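Asks: Can you read through this structure? Questions will come right after.
Chains as they are written, first to last, in the numbering used here: chain R, 57 to 169; chain X, 229 to 340.
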């Protein structure tokens, strides 16, 4: 099992550009989520999905879109990048249910100039 | 407000020594509390998960405790190793929708 994979590992964008961060998992997990991690702060939930075709907003959803067409993939789209979106982005997956272990990907470090 | 506060922010210890990291939370409704280890440049990795009824849980040299009455948890690391150098994150799950609140973490450095 590869677990949770994310691409790219690093990305530099200019303000206003758009891009998609890729996330895939091979554990057949129902629940997938995207977080951002900023210095001195805890991870914050951007969007999450409880299954294919179902997505919902987290704590900081503005400026981001997601879709879940398959169980395996959960891409995160930045519509028009802003410097405030400079951060490290983590994708995670788990079985549905509040007690299940959550597995994180290696992260994508995004810089918006 | 649902918050998770960790202390200290950073800690330096010598290899072989023990240490204890603290986590206080105001999250409600409480479902479970998790401790994660995050190496530099990597994603967090789960160490322990405890429910309301569990007071302690161990994972090798890591032992987590939970006092649900005072809303406090601690992570004790025994006989530290250089590989323990990482950030340790306390996470509290609310009782619905996989909703979780993350602490900012404690940065631990173990020196030889």
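Backbone N, C-alpha and C define an ideal beta-carbon position, used for all residues, glycine too. Nothing here was measured: the structure is a model prediction, and the numbers come from that model.
#1: Does any CB atom of chain X fall closer than 7 Å to the CB of residue 115 of chain R?
#2: Do residue 248 of chain X and residue 302 of chain X have their beta-carbon atoms positioned less than 7 Å apart in this structure?
#3: Just to confirm, are residue 161 of chain R and residue 144 of chain R a CB contact at a threshold of 7 Å?
#4: Would you mind working out which of R:168, R:92, R:159 and R:85 sits nearest residue 265 of chain X, comparing C-alpha positions?
#5: Measure the CB-CB distance between residue 260 of chain X and residue 321 of chain X and report whether it falls below 7 Å.
#6: Considering only residues of the same chain and omitting the five flanking positions on each side of residue 87 of chain R, which have a CB-CB separation below 6 Å?
#7: Relative to the C-alpha of residue 282 of chain X, which residue among X:289, X:305, X:299 and X:274 is closest?
#8: Assign residue 310 of chain X to one of three DSSP states: helix, strand, or coil.
#9: Look at residue 276 of chain X and residue 289 of chain X and say whether their C-beta atoms are less than 7 Å apart.
#10: For a contact meaning CB atoms closer than 7 Å, what does residue 99 of chain R contact in chain X?
#11: Hey, how far is the Cα of residue 310 of chain X from the Cα of residue 319 of chain X?
#12: Residue 167 of chain R and residue 142 of chain R - do their beta-carbons sit closer together than 7 Å?
#13: Which value, in whole angstroms, describes the spacing of the CA atoms of residue 63 of chain R and residue 82 of chain R?
#14: For residue 344 of chain X and residue 258 of chain X, I'd like the C-alpha separation in whole angstroms.
#15: Assuming residue 134 of chain R and residue 102 of chain R form a contact by the criterion Cβ under 8 Å, report the distance between their Cβ atoms to the nearest whole angstrom.
Replies: Inspection of the coordinates gives the following:
#1: Numbered from its first residue, the first chain carries residue 115 of chain R at position 59. No - not a single Cβ of chain X is within 7 Å of the one on residue 115 of chain R.
#2: For the purposes of this step, residue 302 of chain X is taken as the residue at position 74 of the second chain. For the purposes of this step, residue 248 of chain X is taken as the residue at position 20 of the second chain. For residue 302 of chain X and residue 248 of chain X, yes; Cβs fall inside 7 Å.
#3: Start at 1 with the first residue of the first chain, and residue 161 of chain R comes out as number 105. Start at 1 with the first residue of the first chain, and residue 144 of chain R comes out as number 88. Their beta carbons are not under 7 Å apart, which means residue 161 of chain R does not touch residue 144 of chain R by this criterion.
#4: In the second chain, residue 265 of chain X corresponds to position 37, counting from 1. The residue with the shortest Cα to Cα distance from residue 265 of chain X is R:159.
#5: For the purposes of this step, residue 260 of chain X is identified with residue 32 of the second chain, where counting begins at 1. For the purposes of this step, residue 321 of chain X is identified with residue 93 of the second chain, where counting begins at 1. Their beta carbons are under 7 Å apart, which means residue 260 of chain X touches residue 321 of chain X by this criterion.
#6: The sequence position of residue 87 of chain R within the first chain is 31, counting from 1. By the criterion of a C-beta distance shorter than 6 Å, residue 87 of chain R is surrounded in its chain by 106, 150 and 152, once the five residues flanking it on both sides are discounted.
#7: Here residue 282 of chain X refers to the residue found at position 54 when the second chain is read from its first residue. Nearest neighbour of residue 282 of chain X by Cα position, chosen from X:289, X:305, X:299 and X:274, turns out to be X:299.
#8: In the second chain, residue 310 of chain X corresponds to position 82, counting from 1. DSSP places residue 310 of chain X in helix when its eight states are reduced to three.
#9: Residue numbering aside, residue 276 of chain X sits at position 48 when the second chain is read from its first letter. Residue numbering aside, residue 289 of chain X sits at position 61 when the second chain is read from its first letter. Not closer than 7 Å, so no.
#10: Here residue 99 of chain R is taken as the residue at index 43 of the first chain, counted from 1. Going along chain X in sequence order, the residues near residue 99 of chain R (Cβ under 7 Å) are 330.
#11: Working through the second chain from its first residue, we reach residue 310 of chain X at position 82. Working through the second chain from its first residue, we reach residue 319 of chain X at position 91. Looking at the two C-alpha atoms, the distance is approximately 24 Å.
#12: Residue 142 of chain R sits at position 86 when you count from the first residue of the first chain. Residue 167 of chain R sits at position 111 when you count from the first residue of the first chain. Closer than 7 Å, so yes.
#13: Counting from 1 along the first chain, the entry for residue 63 of chain R is found at position 7. Counting from 1 along the first chain, the entry for residue 82 of chain R is found at position 26. Rounded to whole angstroms, residue 63 of chain R to residue 82 of chain R spans 15 Å at the Cα level.
#14: As shown, chain X starts at 229 and ends at 340. That puts residue 344 of chain X outside it, with no answer to give.
#15: Numbered from 1 along the first chain, position 78 holds the residue referred to as residue 134 of chain R. Numbered from 1 along the first chain, position 46 holds the residue referred to as residue 102 of chain R. No, residue 134 of chain R and residue 102 of chain R are not in contact; Cβ-Cβ is about 10 Å, not under 8 Å.
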